[in-house]
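Here the working numbering is used: the first residue of the sequence shown is 244, the next is one more, and so on.
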Amino acid sequence: MSAEECLRLSAPAKINLFLRITGRRPDGYHTLVTLMQKLALYDELCLERIGQGIVLHCPDGKSPENRNNLVYRAAELFFSQLNIRGITPPCGVRITLHKHIPVAAGLGGGSSDAAATLYGLNQLTKAGLAAAELAALGLQLGADVPFFVHHDSAALAQGIGEELSPAEALQGNIVLLVNPGFAVSTRWVYQNLNLTSIDLEDNLQSSRDRCNDADFVNDLERVTLAQYPVIEELKKEVLQQGAAVALMSGSGPTVFGLFTDQARASKALRYFQPRFKDSYLVEPLQG
């Protein structure tokens, strides 16, 4: 397939401007309320038609090229859905994934890649699945995937993350991301979350009030910071460098800082980059 025929997609990162746990369902999944914001930091995907099957190529040499990668599972799920509907897939797919978003970092890279794969295959095969159908498929892969399927730059997510309401995008801020260079398992964080240490009633009331977006709290910090105290130190340093807010995103370990001054933000980036190569200054996506 020529370069012109390759369907190229960008999969953005996200941060959680707040994340509050509201309970746990009988099936073990935690319910939450969180405000998610997409960022101009992207993984890149190229989807090409092949005769049949799924081929995943990850040039970085670090990402799995099989079912251990959400991209591969998203493609499997999409083709399986076509079969369920009695639609014969007109082709297979070769996917090339270029990773730029740190892995297992609380930035949603894997979920965003999966959403881009579902969206791209819908285009490539001309299957015509609606966004709501793609989001329902995405939820089978991960709670954050529906957020990335939809085009809103920011959304309030409730339930296990699948109940989405469009939100106003972050305005007037530059986002500093500092990733300390190790991975954190989301599953491990939730398994070690002690609900008795969280005011669930207060969080539930806040969710009914749609939350105060100036209240930057992440209930998952208490688990991740206890195991990795460097994250707490990073938060302090980000604030010392002039950020108005410093918070861990998602289950971590990435810390983000919100800056209103470009010069201060650039200075902060220069401060962190010699120690943490996965440090970035990015704009919040709008629209």
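Yeah, the Cβ is synthetic: ideal placement off N, Cα and C, and Gly gets one too.
This structure is a prediction, so every number in the text was calculated from the model and none was measured.
Does any C-beta atom of chain C lie closer than 8 Å to the C-beta of residue i?
i, result
"Leu399", "The structure shown contains no chain C, having only a single protein chain."
DSSP three-state label for residue i, please.
i, result
"Ile473", "It is Val, not Ile, that sits at residue 473 in the sequence shown. Val473: helix per DSSP, three-state reduction."
"Gly493", "coil"
"Leu384", "coil"
"Ser355", "helix"
"Lys188", "Nothing in the structure corresponds to residue 188, since the chain is present only between 244 and 530."
"Ala370", "coil"
"Gly500", "strand"
"Glu406", "strand"
"Gly424", "coil"
"Ser323", "helix"
"Thr339", "strand"
"Arg316", "helix"
"Val525", "strand"
"Leu399", "strand"
"Phe390", "helix"
What separation, rounded to the nearest whole angstrom, lies between the Cα atoms of residue i and residue j?
i, j, result
"Thr503", "Thr265", "31 Å"
"Pro472", "Lys479", "11 Å"
"Gly363", "Pro269", "34 Å"
"Arg518", "Ala511", "12 Å"
"Ala379", "Gln295", "25 Å"
"Ala375", "Gln280", "20 Å"
"Asp356", "Gly381", "11 Å"
"Lys305", "Asn311", "12 Å"
"Asn437", "Gln470", "14 Å"
"Pro332", "Gln505", "49 Å"
"Asn461", "Tyr433", "13 Å"
Output needed for residue i: all residues of its chain with C-beta closer than 7 Å, excluding positions within five of it in sequence on either side, in chain order.
i, result
"Ala387", "Per the sequence shown, residue 387 should be read as Asp rather than Ala. So the list reads Gly351, Ser354, Gly404, once near-sequence residues are dropped."
"Tyr272", "Ile403"
"Phe515", "Val421, Ser522"
"Ala508", "Ile417, Leu419, Phe502, Leu524"
"Ala410", "Leu278, Ala397, Ala398, Leu399"
Look at residue i and residue j and say whether their C-beta atoms are less than 8 Å apart.
i, j, result
"Leu262", "Tyr523", "no"
"Thr497", "Gly402", "no"
"Leu528", "Ser396", "yes"
"Cys289", "Cys249", "yes"
"Asp521", "Gly424", "yes"
"Leu413", "Val481", "no"
"Ala347", "Ala398", "no"
"Gln383", "Leu320", "yes"
"Leu282", "Phe459", "no"
"His341", "Pro307", "no"
For residue i, collect the residues of the same chain with a Cβ closer than 6 Å to its Cβ; drop the 5 residues on either side in sequence, then sort them by chain order.
i, result
"Gly349", "Ser492, Gly493, Ser494, Gly495, Thr497"
"Ala359", "Leu252, Ala254, Leu288"
"Thr339", "Cys289, His300"
Should residue i be counted as a contact of the ligand MG given a C-beta to heavy atom distance under 7 Å?
i, result
"Val481", "As far as ligands go, the structure on display features none, and thus does not contain the ligand MG."
Please go through the same chain and pick out, in chain order, the residues whose beta-carbon is closer than 8 Å to the beta-carbon of residue i, but skip the five residues on each side of it.
i, result
"Glu444", "Here Glu444 scores only 48 on pLDDT, less than 50, and its place in the model is too uncertain to base an answer on."
"Val392", "Ala358, Leu361, Tyr362, Ala374, Leu377, Ala378, Gly381"
At 3 residues or longer, what runs of the beta strand (DSSP E) sit wholly inside the region 278 to 315? 297 to 300
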